[in-house]
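Chains A and B, in that order, give the protein sequences.
Note that the numbering used here has the first sequence beginning at 1, numbered continuously upward.
Note that the numbering used here has the second sequence beginning at 1, numbered continuously upward.
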Amino acid sequence: MSQEIAVVGSPEFTTGFRLAGVRRFENVADDDKDDELDDAAERVLDDGVGIVVMHDDDVEHLSRGVRERVETSVEPVVVTIGSGTGGSGLREQIKRAIGIDLMEEED
Amino acid sequence: MATDVKPTRKELMAIEDRIELSERGHGTLEQKRDGLIMEFMDILDRAQDVRGELTSDYEEAQRTINMARAMEGDVAVRGAAAALQEHPEITTESKNIMGVVVPQIESSRVSKSLDQRGYGLMGTSARIDEAAEAYEDLLESIILAAEVETAMKKMLEEIETTKRRVNALEFKLLPDLYESEEYIEQKLEEQEREEIFRMKKIKDKKEAEEAEAAAEETDPFVDADVQESVAGGD
Numbered sequence: 001m002s003q004e005i006a007v008v009g010s011p012e013f014t015t016g017f018r019l020a021g022v023r024r025f026e027n028v029a030d031d032d033k034d035d036e037l038d039d040a041a042e043r044v045l046d047d048g049v050g051i052v053v054m055h056d057d058d059v060e061h062l063s064r065g066v067r068e069r070v071e072t073s074v075e076p077v078v079v080t081i082g083s084g085t086g087g088s089g090l091r092e093q094i095k096r097a098i099g100i101d102l103m104e105e106e107d
Numbered sequence: 001m002a003t004d005v006k007p008t009r010k011e012l013m014a015i016e017d018r019i020e021l022s023e024r025g026h027g028t029l030e031q032k033r034d035g036l037i038m039e040f041m042d043i044l045d046r047a048q049d050v051r052g053e054l055t056s057d058y059e060e061a062q063r064t065i066n067m068a069r070a071m072e073g074d075v076a077v078r079g080a081a082a083a084l085q086e087h088p089e090i091t092t093e094s095k096n097i098m099g100v101v102v103p104q105i106e107s108s109r110v111s112k113s114l115d116q117r118g119y120g121l122m123g124t125s126a127r128i129d130e131a132a133e134a135y136e137d138l139l140e141s142i143i144l145a146a147e148v149e150t151a152m153k154k155m156l157e158e159i160e161t162t163k164r165r166v167n168a169l170e171f172k173l174l175p176d177l178y179e180s181e182e183y184i185e186q187k188l189e190e191q192e193r194e195e196i197f198r199m200k201k202i203k204d205k206k207e208a209e210e211a212e213a214a215a216e217e218t219d220p221f222v223d224a225d226v227q228e229s230v231a232g233g234d
């Protein structure tokens with residue numbers, strides 16, 4: 001079954017992806033992120049897409065529940081870009097499962 | 001708890017069987033956990049490479065789109081973005097790593113030629129083409145990162161579950177079983193000692209009775225004589 005790629009973020013962030021052909025997107029203006037980003041992210045997560053792209057900084061605007069869902073979701077998988085760490089959720093999960101911080105050298 | 005078990009030989013045998021099974025399971029699960037961690041290390045190396053590429057692709061894509069915005073204006077870039085006809089799609093297949101099903105993502109129509117993009121050649125400049133191309137490369141990296149990171153998340157979940165099972169066996173189930181085993185063994189030993197003591201008592205009593213009976217048989221007038229002598233003394 002083929003699935004789409006979705007992108008959530010500010011209009012500046014999503015435009016580039018739309019230029020590459022991504023048609024499932026949620027634009028949230030920077031000023032409204034605290035209020036509207038949760039709903040936008042949940043709409044996309046429940047939409048049956050395969051991959052959701054978000055900016056690392058936007059994850060900070062999400063409420064606790066949605067943020068946890070974004071960090072642990074496998075279907076769809078959420079890829080965050082921007083800071084290069086791949087999200088703190090994955091790092092925390094590695095620390096919890098393996099017992100040591102394997103991504104430490106990246107900082 | 002040890003006090004919940006019945007101190008019977010049958011129960012002891014059942015507990016010994018459970019201990020054997022749990023010890024075997026503990027060993028197997030430990031091997032599985034170690035194997036999963038080794039597989040995870042390989043994936044982690046790959047993930048770090050992919051992350052590095054993703055970051056550089058993102059920086060490049062941002063640089064090109066900023067350039068396009070500066071040269072063509074935001075409206076032109078958004079206009080071109082809205083005109084795209086071909087949309088990238090992904091198909092997911094699954095692969096099994098030590099019992100963990102991880103996805104293999106295949107993408108189609110991510111990289112497109114100029115005429116496939118649909119925003120027209122005349123109305124836009126090479127800057128927009130460059131930005132579109134950079135974002136197509138970025139999408140390829142994102143798809144690869146999604147594949148590797150999903151595999152990592154699934155492996156981590158499995159490692160966590162296995163680790164919890166190993167710990168539950170090692171620190172809860174097996175100690176409880178050993179405790180129950182010891183409790184039953186001690187109880188049975190105590191019962192055995194009580195039984196021996198009881199047998200000894202019975203034996204002593206029986207021997208005393210037999211001795212009394214034997215004494216009566218050999219000298220039946222002893223009692224009468226004793227009574228007479230006692231009466232005479234008075």
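A virtual CB, placed ideally from N, CA and C, is assigned to each residue, including glycine.
Scanning chain A for C-beta atoms nearer than 8 Å to the C-beta of residue 82(B) yields 18, reported in chain order. Shown here, residue 175(B) sits in a helix according to DSSP, grouped into three states. Residue 23(A) and residue 94(A) have their C-alpha atoms roughly 33 Å apart.
Fewer than three beta-carbon pairs drawn from the region 70-77 of chain B and the region 87-101 of chain B are found closer than 8 Å, and the two stretches are therefore not classed as touching. Positions of the beta strand (DSSP E) runs, each at least 3 residues long and wholly inside the region 94-165 of chain B, are given as 100-108 in order along the chain.
Closest in alpha carbon position to residue 96(A), among 195(B), 153(B), 182(B), is 153(B). Bounds of the alpha helix (DSSP H) holding residue 26(B) are 9-72. Nearest C-alpha to residue 147(B) among 104(B), 213(B), 14(B): 104(B).
Around the Cβ of residue 163(B), a 10 Å sphere holds 16 or more other Cβ atoms; the residue is buried.
19(A) is the residue among 38(A), 6(A), 19(A) whose C-alpha sits nearest the C-alpha of residue 130(B). Burial of residue 51(A) is indicated by the presence of at least 16 other C-beta atoms within 10 angstroms of its C-beta. As computed with DSSP, residue 9(A) is found in a beta bridge with 27(A).
Boundaries of the alpha helix (DSSP H) around residue 70(A): 64-72. With respect to the 9 Å criterion, residue 140(B) and residue 166(B) are not classified as neighbours on the basis of their beta carbons. With contacts defined by Cβ atoms closer than 9 Å, residue 34(A) and residue 55(A) do not form a contacting pair.
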